[in-house]
Structure formats: C-alpha cells, structure tokens
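K.L.:
Have a look at the structure that comes next, please.
Residue numbers (the numbering used here), protein chains in the order written: chain A, 1 to 259; chain B, 260 to 518.
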C-alpha cells in the first residue's frame with residue numbers, strides 16, 4: 001500500500017543573503033535527521049533570498065518597452081523591466097500579467113519575479129539563476145552536515161526540491177511546481193506499460209516532482225512563513241545520485257503548441 | 260503545524276456499470292468510517308465505469324472530419340469521432356494528440372477520453388457527464404450509508420473529489436486535477452492578504468483541489484488498480500455543504516489567452 005505524508009517545518013526565520021539553508025533546515029528539525037527516503041521541498045523565495053537573487057526597485061532604470069508595457073498594464077515600469085530582463089520571450093501581456101519564457105525555459109507569469117519587502121526596502125525576488133544547481137548545492141551541504149553523524153549518514157541524504165507557484169493556461173488558481181531538483185526523478189514514465197488488469201495505462205507519463213511540489217504546498221498554511229516541507233513516502237522516486245534535476249519537466253520550445 | 264497524509268485504498272475490484280462506489284469504498288476501508296475531516300479522491304475512470312459513460316468502439320461510425328484527422332494523426336477514426344463528440348472546440352491536433360475544450364469547459368488531451376478494454380471489448384471511457392453532480396451523488400450516498408451508524412454520522416461526511424490526469428501546455432508529463440468535487444472549496448483566495456511578516460502574499464490564489472488531486476496520485480502505484488485515495492489534513496478547506504464543486508477551477512473561455 002502506497003502512502004505519502006507531508007509536514008511544514010516551523011521555526012525557520014526570515015532568510016538573509018548568504019544564509020546556510022541546509023543548516024537552518026536541520027536546526028528546524030531539532031533532533032531529527034532527514035534521510036534518503038525523504039524529500040525536502042523548499043519555496044524558491046527562501047533560496048532566492050539566501051542566494052541574493054534580489055533586485056532593489058530603486059536601482060532599476062526602465063527602458064522604453066518596459067515603460068510602454070507598464071502603462072498598458074497599469075504596473076510599475078521598473079518591475080516590468082526586471083521581468084523583461086529575466087525573459088527570453090514575452091508570450092502575452094494582459095490584465096496586468098506578463099506571461100513569458102524565462103532564461104530557464106519556464107513559461108510563467110512575470111518570469112517568476114515576486115515582489116518582496118526585505119528590510120523595509122522595496123525589492124523583487126528573482127528565480128534562482130540555476131535552480132537545479134541550487135538544489136544540488138543544498139543537498140550536498142545537507143550531506144556534509146549529516147555525515148558528521150556516521151549513524152545518520154548511513155541512512156542517506158534527502159532529496160531537495162525548489163518550488164514555485166505557477167498559474168495554468170486553462171485553469172484558475174496556482175499550483176506549486178518543481179523548478180529545481182536533486183535526488184529525485186522528475187517524471188515517472190509508464191508509456192507502453194500495462195496496469196494490474198493487463199491494460200495499457202492511460203495517464204502514462206507522470207510529472208511526479210510537480211505532484212510532490214503541489215502536495216508540499218498543502219502542508220503549510222500560506223501565512224505560516226514555512227518555506228520548507230518534509231515529505232515521506234516517495235522513496236520509489238528518490239535516487240542516491242542527484243539525477244537530471246527539474247529540467248526534464250520543461251517542454252522544449254520546439255514542442256510548444258501554444259506560443 | 261499543518262500536515263497532510265494520503266493513502267490508496269487496496270481491494271477495490273474492477274468497477275462494473277451500476278456499481279455503488281460509496282459502498283465499495285466503505286467496504287475497502289474495512290471497519291474504518293471516513294469522516295468530515297477527510298477527502299476521498301476517486302479516479303474518474305472508476306466513476307465513468309460505474310455510470311456507464313462508456314462507448315464501444317464497434318458502435319462508432321466516424322464522420323468525414325474524424326476520418327481526415329485520424330489519417331493526419333495516425334489514430335483510429337472512431338476514437339477521433341468520440342473525441343469530437345465530447346468537444347465543443349478543437350484547439351490543436353498534433354503528434355497524435357487532440358487538444359480540445361470539452362462540453363464541461365475543460366481543456367485537455369483527447370477530451371478526457373481514455374481507451375479501455377472492459378470485458379474483452381474495445382471501449383472508450385468518457386468523462387462523467389456532470390462530474391460535480393457525480394461527486395455530490397457519491398457523497399450523498401456515503402452520507403446515507405454512514406448515517407446507519409449514529410456515532411459515525413456525528414463525525415460528518417467526507418468530501419468527494421473526482422480526478423483526471425491532464426497534460427500541461429509548457430511542461431512535460433501529467434498531473435492529476437479535480438474535475439468533480441463536493442464538500443471542499445476548490446480555490447483558496449489570499450489575494451490582498453498578507454503573510455506572517457506583514458508582506459503581501461505572492462502566490463495568492465491557490466488551486467487547493469488540484470493540489471490535493473496531485474497529492475492523491477502520489478499515494479498509489481500507477482499499476483496498483485487503486486482508484487480511490489483517502490486524504491487527511493485538509494480540514495481547513497472542507498465544508499459541510501457540497502459547495503460550488505470543481506467548476507470554479509475552469510478558466511472561462513473569455514479569459515483564455517492561449518486558444
């Protein structure tokens with residue numbers, strides 16, 4: 001019988017640039033050491049803050065296109081400039097939302113740029129420059145810290161996921177997806193395989209990392225300030241190696257039917 | 260501290276037309292009675308089979324357009340005809356996949372039509388005619404059966420969700436979404452509200468029902484023949500009333516930027 005469980009970790013403070021997230025997570029877990037059968041899902045905002053992927057609005061000089069789009073959309077032209085800087089292609093600009101393809105290939109609202117307010121200053125939080133590399137780095141640091149206890153080290157290092165909330169083209173509301181990943185296969189491919197009744201399976205290419213990101217977001221109240229969720233029960237998708245990351249979840253431009 | 264858990268229910272047999280799903284679920288749960296703090300996520304295929312939302316391929320006569328599309332896409336023209344019958348608008352037909360808007364307003368591959376093989380006959384499973392009504396009906400029947408035990412009845416009736424696996428425009432793989440719902444709010448609206456640090460929240464309109472559907476799909480192995488998953492920990496989204504169903508998750512045509 002398969003089952004999963006997920007819980008938000010309380011007690012993680014507002015993240016500062018340069019912060020050791022792996023250490024903060026272990027501290028938040030108290031005496032408990034996460035193991036190779038567990039997944040840590042981290043909201044990208046925490047990773048972006050720790051990495052300093054932050055732009056102060058006061059430092060941005062908007063160009064002509066940003067000024068024009070901002071006037072059309074009723075937005076701050078400096079914010080629009082940062083979204084354009086993060087984008088390789090603008091797909092739509094309507095009702096105050098820019099939908100673009102980011103440098104990472106992600107198609108999402110405002111290129112994943114979030115308004116923030118750290119230290120009283122108006123800032124924008126970008127997505128991490130390379131979210132898969134960020135996930136690998138946090139996982140490696142967790143491994144280092146866990147290795148300090150040889151008994152815990154034998155139980156393996158948890159997988160690390162970095163999440164963001166994405167809207168959907170044809171559905172209301174947002175769900176979390178995996179933008180960075182280490183130690184978990186992002187997709188579970190059953191194409192051509194059969195089910196318990198010997199029938200070919202219908203839904204056969206499962207975005208298990210995105211499903212785990214969505215599950216993680218249910219395990220915290222949105223106003224709880226809990227950027228990290230610990231998930232149990234996904235062992236069949238977890239790997240000792242870091243693996244291909246979240247990149248395989250991105251549909252390549254050549255396959256895009258909805259540009 | 261928020262937390263969720265989800266587990267697939269073993270022991271539900273292949274569903275026949277006319278089957279009492281509520282009774283099958285209670286039987287699968289053994290002595291355990293689900294309560295008003297729990298959500299039952301049911302794969303639409305089980306509901307479609309129980310409701311007889313099934314078409315025998317042998318009974319389908321494809322029209323001219325279906326024959327033409329089938330030749331282009333390398334598909335069975337009878338299957339294409341059924342997809343067209345279920346659709347109000349065909350958005351794309353490429354690489355063997357038709358993406359359309361269904362009668363329910365859902366935008367998905369093949370209008371939610373799945374190949375099946377019940378009783379040795381080649382059949383197609385449609386989406387339930389009115390998945391929100393199906394969810395309400397199953398929930399009402401659960402309520403009837405649970406009411407037989409006055410002690411259990413006081414703990415309330417679980418919410419019921421009907422799920423399907425949808426692809427995504429810009430991401431590989433499928434995740435489950437809620438196509439029918441009773442007893443749960445589909446969206447959690449935080450727009451304009453602030454987080455624990457007094458900052459305006461970024462991801463503010465959460466498709467909690469879709470996130471729960473995705474979580475449910477992680478709680479069963481895909482070849483396990485487990486159409487029903489029981490989820491705990493979503494009490495803050497559950498309601499005594501059946502509520503608006505999954506319909507509010509569908510972005511109306513007028514808001515569609517990607518037709």
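Each residue gets a CB set at the ideal place from its N, CA and C atoms; glycine is no exception.
(1) Identify every run of the alpha helix (DSSP H) within the region 298–327 of chain B, keeping only runs that are complete inside it and at least 4 residues long; order them along the chain.
(2) Please list the partners that residue 479(B) has in chain A, where partner means a Cβ-to-Cβ separation under 7 angstroms.
(3) Evaluate residue 512(B) with the Cβ neighbour count: other Cβ atoms within 10 Å of its Cβ, from every protein chain shown; 16 or more gives buried, anything less gives exposed.
(4) Helix, strand or coil, according to DSSP, for residue 408(B) in the structure here?
(5) I'd like the ranges of any beta strand (DSSP E) spanning at least 3 consecutive residues and lying wholly in the region 346–380 of chain B.
(6) Using 10 angstroms around the beta-carbon of residue 406(B), count the other beta-carbons present and answer buried if the total reaches 16, otherwise exposed.
(7) Please name the residues in the region 499–515 of chain B whose beta-carbon is closer than 7 angstroms to at least one beta-carbon of chain A, in chain order.
(8) Pull up the distance between the alpha-carbon of residue 306(B) and that of residue 97(A), whole angstroms please.
(9) Give a yes or no on whether 7 angstroms exceeds the smallest Cβ distance from residue 370(B) to chain A.
(10) For residue 123(A), go through chain B and note every residue whose CB falls closer than 9 angstroms to its CB, in chain order.
(11) Apart from the five residues on each side of it in sequence, which residues of its chain come closer than 8 angstroms, Cβ to Cβ, to residue 102(A)?
(12) Determine the direct distance from the alpha carbon of residue 5(A) to that of residue 429(B), and round the result to whole angstroms.
(13) Any chance you could list the alpha helix (DSSP H) runs of at least 4 consecutive residues sitting entirely within the region 185–251 of chain A, in chain order?
(14) Along the region 151–174 of chain A, where does the CB come closer than 9 angstroms to a CB of chain B? Name the residues.
(15) Can you give me the C-alpha to C-alpha distance between residue 475(B) and residue 364(B), rounded to a whole angstrom?
(16) Terminal residues of the continuous alpha helix (DSSP H) containing residue 276(B)?
(17) Is it true that the region 236–254 of chain A meets the region 498–505 of chain B, where meeting means three or more beta-carbon pairs spaced less than 8 angstroms apart?
(18) Assign residue 485(B) to one of two classes, buried (16 or more other C-beta atoms within 10 Å of its C-beta) or exposed (fewer than that).
(19) What's the gap between the Cα of residue 302(B) and the Cα of residue 125(A)?
(20) Between the region 159–175 of chain A and the region 394–413 of chain B, can you find at least three pairs of beta-carbon atoms closer than 8 angstroms?
(21) So residue 222(A) and residue 449(B) are in contact, right, with Cβ under 8 angstroms, and what is the actual spacing, rounded?
(22) Measuring alpha carbon to alpha carbon, tell me which of 404(B), 298(B), 294(B) ends up nearest residue 469(B).
(23) Identify the contact partners of residue 353(B) in chain A, using a Cβ-Cβ distance below 8 angstroms as the criterion.
(24) Bridge partners of residue 335(B), per DSSP?
(25) Work out the CA separation of residue 287(B) and residue 269(B) for me, nearest whole Å.
(26) Do residue 247(A) and residue 132(A) come within 7 angstroms of each other at the CB atom, strictly closer than that value?
(27) Would you give the residue range spanned by the alpha helix (DSSP H) that residue 285(B) belongs to?
(28) Report yes or no: is there a C-beta of chain A within less than 7 angstroms of the C-beta of residue 366(B)?
(29) Below 9 angstroms on C-beta distance, what does residue 358(B) contact in chain A?
(30) Given this structure, state the Cα-to-Cα distance separating residue 61(A) from residue 123(A), to the nearest angstrom.
(31) Thinking C-alpha only, which one of 300(B), 389(B), 388(B), 342(B) is nearest residue 373(B)?
(32) Terminal residues of the continuous beta strand (DSSP E) containing residue 439(B)?
(33) Should residue 408(B) go down as buried or exposed, given a rule of 16 or more other Cβ atoms within 10 Å for buried?
(34) Under 7 angstroms between C-beta atoms, does residue 446(B) make it to chain A?
(35) When DSSP builds the beta bridges, which residues end up paired with residue 8(A)?
P.N.:
By the coordinates alone:
(1) 303–310
(2) On the second chain, position 220 is the one that residue 479(B) refers to. Under the 7 angstroms cutoff, chain A gives 2.
(3) The residue you call residue 512(B) lines up with position 253 of the second chain. Looking at its Cβ environment, which holds fewer than 16 other Cβ atoms inside 10 Å, residue 512(B) is exposed.
(4) Position 149 of the second chain, counted from the start, is the residue given in the question as residue 408(B). Coil at residue 408(B), not helix or strand.
(5) 346–353, 356–361, 366–368, 373–375
(6) Position 147 of the second chain, counted from the start, is the residue given in the question as residue 406(B). Label assigned to residue 406(B): exposed.
(7) 507, 508, 509, 510, 515
(8) The residue given as residue 306(B) occupies position 47 in the second chain. The residue given as residue 97(A) occupies position 97 in the first chain. Looking at the two C-alpha atoms, the distance is approximately 37 angstroms.
(9) For the purposes of this step, residue 370(B) is taken as the residue at position 111 of the second chain. No, no contact with chain A.
(10) Start at 1 with the first residue of the first chain, and residue 123(A) comes out as number 123. In chain order: nothing, as chain B lies at least about 11 angstroms away.
(11) Within the first chain, the letter at position 102 stands for residue 102(A). 86, 87, 88, 108, 111, 112, 127, listed in sequence order.
(12) Within the second chain, residue 429(B) is the residue found at index 170, counting from 1. Within the first chain, residue 5(A) is the residue found at index 5, counting from 1. Computed Cα separation, rounded: 28 angstroms.
(13) 208–218
(14) 164, 165, 166, 167, 168, 169, 170, 171, 172, 173, 174
(15) Counting from one through the second chain, the residue named residue 475(B) turns up at place 216. Counting from one through the second chain, the residue named residue 364(B) turns up at place 105. Rounded to the nearest angstrom, the two C-alpha atoms are 23 angstroms apart.
(16) Here the question's residue 276(B) lines up with position 17 in the second chain. From DSSP, residue 276(B) is part of no alpha helix (DSSP H); its letter is neither H nor E.
(17) no
(18) Along the second chain, one-based indexing puts residue 485(B) at 226. Residue 485(B) is buried by the Cβ-count criterion.
(19) As a working mapping, residue 302(B) is identified with position 43 in the second chain. As a working mapping, residue 125(A) is identified with position 125 in the first chain. Going from the Cα of residue 302(B) to the Cα of residue 125(A) covers about 38 angstroms.
(20) no
(21) The residue given as residue 222(A) occupies position 222 in the first chain. The residue given as residue 449(B) occupies position 190 in the second chain. Right, their Cβ atoms sit about 5 angstroms apart.
(22) Taking the second chain and counting its residues from 1, the one referred to as residue 469(B) is at position 210. Taking only the C-alpha atoms, the option nearest residue 469(B) is 298(B).
(23) Within the second chain, numbered from 1, the residue matching residue 353(B) stands at position 94. Residues of chain A passing the Cβ test: 257.
(24) As a working note, residue 335(B) is residue 76 in the second chain. The partner list for residue 335(B) (beta bridge, DSSP) is empty, contrary to what the question assumes.
(25) Along the second chain, read from residue 1 onward, the residue named residue 269(B) stands at position 10. Along the second chain, read from residue 1 onward, the residue named residue 287(B) stands at position 28. One C-alpha to the other measures close to 7 angstroms.
(26) To locate residue 132(A), count along the first chain from 1; it is residue 132. To locate residue 247(A), count along the first chain from 1; it is residue 247. In contact: residue 132(A) and residue 247(A) (Cβ atoms closer than 7 angstroms).
(27) Reading the second chain from its first residue, position 26 is the one you call residue 285(B). It spans 280–287 - the alpha helix (DSSP H) in which residue 285(B) sits, taken as one unbroken run.
(28) Position 107 of the second chain, counting from 1, holds the residue named residue 366(B). For residue 366(B), the answer is yes, since a Cβ of chain A falls inside 7 angstroms of its Cβ.
(29) Translated into the one-based positions of the second chain, residue 358(B) becomes position 99. The answer, in chain order, is 257, 258.
(30) The count along the first chain starts at 1 and reaches residue 61(A) at position 61. The count along the first chain starts at 1 and reaches residue 123(A) at position 123. Straight-line Cα distance between these residues: approximately 14 angstroms.
(31) As a working mapping, residue 373(B) is identified with position 114 in the second chain. Closest by alpha carbon: 342(B).
(32) In the second chain, residue 439(B) corresponds to position 180, counting from 1. Where residue 439(B) is concerned, the enclosing beta strand (DSSP E) stretches over 433–441.
(33) Here residue 408(B) is taken as the residue at index 149 of the second chain, counted from 1. Exposed: under 16 other Cβ atoms inside 10 Å.
(34) Residue numbering aside, residue 446(B) sits at position 187 when the second chain is read from its first letter. It does: the Cβ of residue 446(B) has a partner Cβ on chain A nearer than 7 angstroms.
(35) Residue 8(A) sits at position 8 when you count from the first residue of the first chain. Residue 8(A) pairs with 229(A).
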